Amino acid sequence: MRAKDIREKAGEEPITMLTAYDAPTAELVDAAGVDMILVGDSIGNLRLGYESTLPVTVDEIESATAAVARATEDAMVLADMPFLSFGADEDEAVENCGRMLKAADADGVKLESGPHTVELTRRLTQIGVPVQAHLGLTPQRENETGLFRQGTDEEAARRIVDLAERHEDAGAFSLVLEHVPANVGAAVTEAIDIPTIGIGAGPECDGQVLTVDEVIGLSEGVAPFSKAFGDVREEMRDAISGYKDAVESGEFPAEEHSHYEEDVDDLY
Ligand code: KIV
30 MRAKDIREKA GEEPITMLTA YDAPTAELVD AAGVDMILVG DSIGNLRLGY ESTLPVTVDE
90 IESATAAVAR ATEDAMVLAD MPFLSFGADE DEAVENCGRM LKAADADGVK LESGPHTVEL
150 TRRLTQIGVP VQAHLGLTPQ RENETGLFRQ GTDEEAARRI VDLAERHEDA GAFSLVLEHV
210 PANVGAAVTE AIDIPTIGIG AGPECDGQVL TVDEVIGLSE GVAPFSKAFG DVREEMRDAI
270 SGYKDAVESG EFPAEEHSHY EEDVDDLY
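Per the numbering used here, the sequence shown starts with residue 30, numbered consecutively.
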């Protein structure tokens with residue numbers, strides 16, 4: 030899938046997007062026919078043990094993106110640009126985003142957006158880097174906004190619609206809308222032609238995205254707008270204690286897990 034295929038799906042059929050941070054998960058997500066795989070900076074708190082997404086580095090996203098891209102055949106793979114890898118120096122931002130396509134084989138990048146990303150989005154798309162914008166709750170700004178619902182009064186909601194239009198005009202191929210009232214999700218979807226991908230933004234968006242850890246039930250809890258469709262955490266817990274108990278009881282390794290070689294019988 031390319032940016033143009035995603036754009037063409039807007040309003041035709043629901044677009045699906047999920048995160049993945051490693052090759053085996055990406056292989057499963059891709060095989061399920063999900064349209065876009067996001068190597069989210071949520072890797073920071075979900076997989077790397079950080080308290081937030083802020084410490085995630087360009088190297089960490091690049092390495093995870095490369096693993097995901099190696100395992101993906103059909104889905105569009107997007108690298109989520111981490112905090113301070115863009116937004117300060119534009120040349121450095123272009124170089125960091127370029128690394129995701131050149132070295133990690135991503136098909137595009139996602140930028141947590143604001144007024145500061147409009148011109149960067151224009152420059153990146155002009156040079157061939159597809160950009161997915163991200164408005165509403167942008168967790169990289171959690172020190173300023175907290176992790177709360179955004180766009181809850183008229184002025185804030187209008188600012189989101191205005192920024193969505195400016196990013197569309199700058200060339201973004203789609204837009205993630207996070208944790209905003211469902212009617213703001215609907216208004217943005219109405220206002221722009223590029224697809225809106227909602228996460229806690231109601232059912233009127235052109236598509237939906239969640240973190241795969243929440244969907245499979247690997248993370249400890251889920252956000253109020255998210256949903257666990259499985260319980261992998263419980264499965265892992267059972268398998269790990271099953272292994273420990275079997276080693277301690279002598280049940281593992283059994284005959285079928287062991288191999289004996291006659292030639293090395295009398296070593297000691
Ligand atoms: O990092 C992430 O996983 C994200 C999605 C939740 C949109 O930005």
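C-beta atoms are modelled at their ideal positions from N, C-alpha and C, and glycine is treated no differently. Bear in mind that the values here come from a model prediction, so they are computed numbers and not experimental data.
Rounded separation between residue i and residue j - CA only
{"i": "alanine 122", "j": "glutamate 219", "result": "31 Å"}
{"i": "threonine 48", "j": "methionine 65", "result": "8 Å"}
{"i": "arginine 152", "j": "isoleucine 35", "result": "20 Å"}
{"i": "leucine 77", "j": "alanine 117", "result": "25 Å"}
{"i": "glutamine 237", "j": "histidine 286", "result": "44 Å"}
{"i": "cysteine 126", "j": "glycine 250", "result": "31 Å"}
{"i": "methionine 30", "j": "aspartate 235", "result": "16 Å"}
{"i": "phenylalanine 281", "j": "threonine 240", "result": "35 Å"}
{"i": "valine 160", "j": "arginine 266", "result": "39 Å"}
{"i": "proline 113", "j": "valine 293", "result": "With the sequence shown as reference, residue 113 is identified as leucine, and proline is not the correct amino acid for it. For leucine 113 and valine 293, the distance between alpha carbons rounds to 59 Å."}
{"i": "isoleucine 156", "j": "glutamate 264", "result": "45 Å"}
{"i": "arginine 128", "j": "valine 138", "result": "10 Å"}
{"i": "leucine 71", "j": "glutamate 291", "result": "The question names leucine, but residue 71 is serine in the sequence shown. Going by the C-alpha atoms only, they are around 52 Å apart."}
{"i": "glycine 279", "j": "proline 53", "result": "31 Å"}
{"i": "phenylalanine 258", "j": "glycine 246", "result": "7 Å"}
{"i": "alanine 39", "j": "serine 203", "result": "9 Å"}
Residue i, buried or exposed, once every other Cβ within 10 Å from all chains shown has been counted against 16
{"i": "serine 270", "result": "exposed"}
{"i": "lysine 256", "result": "exposed"}
{"i": "asparagine 74", "result": "buried"}
{"i": "glycine 214", "result": "buried"}
{"i": "isoleucine 226", "result": "buried"}
{"i": "tyrosine 50", "result": "buried"}
{"i": "arginine 99", "result": "exposed"}
{"i": "glutamate 277", "result": "exposed"}
Residue i (DSSP reduced to helix, strand or coil)
{"i": "lysine 139", "result": "strand"}
{"i": "threonine 154", "result": "helix"}
{"i": "histidine 163", "result": "strand"}
{"i": "glycine 127", "result": "helix"}
{"i": "glutamate 41", "result": "coil"}
{"i": "threonine 240", "result": "coil"}
{"i": "serine 71", "result": "coil"}
{"i": "serine 278", "result": "helix"}
{"i": "aspartate 109", "result": "strand"}
{"i": "serine 203", "result": "strand"}
{"i": "methionine 265", "result": "helix"}
{"i": "isoleucine 90", "result": "helix"}
{"i": "leucine 77", "result": "coil"}
Whether or not the stretch 171-188 and the stretch 113-133 are in contact is what I'm after, with contact meaning three or more pairs of Cβ atoms, one per stretch, closer than 8 Å; do they touch?
Contact between the stretch 113-133 and the stretch 171-188 is absent, because fewer than three Cβ pairs lie under 8 Å.
Can you find at least 3 beta carbon pairs, one from the stretch 173-193 and one from the stretch 51-66, that sit closer than 8 Å?
The stretch 173-193, when compared against the stretch 51-66, does not touch it at the 8 Å Cβ threshold.
Specify whether the stretch 190-210 and the stretch 221-235 touch according to this definition: at least 3 beta carbon pairs, one from each stretch, less than 8 Å apart.
These segments touch.
Do the stretch 96-106 and the stretch 261-278 meet, that is, are 3 or more Cβ pairs less than 8 Å apart?
The answer is no - the stretch 261-278 does not touch the stretch 96-106, with fewer than three Cβ pairs under 8 Å.
Is it the case that the stretch 39-47 contacts the stretch 81-96, given that we only count it when at least three CB pairs across the two stretches are under 8 Å?
No, the stretch 81-96 is not in contact with the stretch 39-47.
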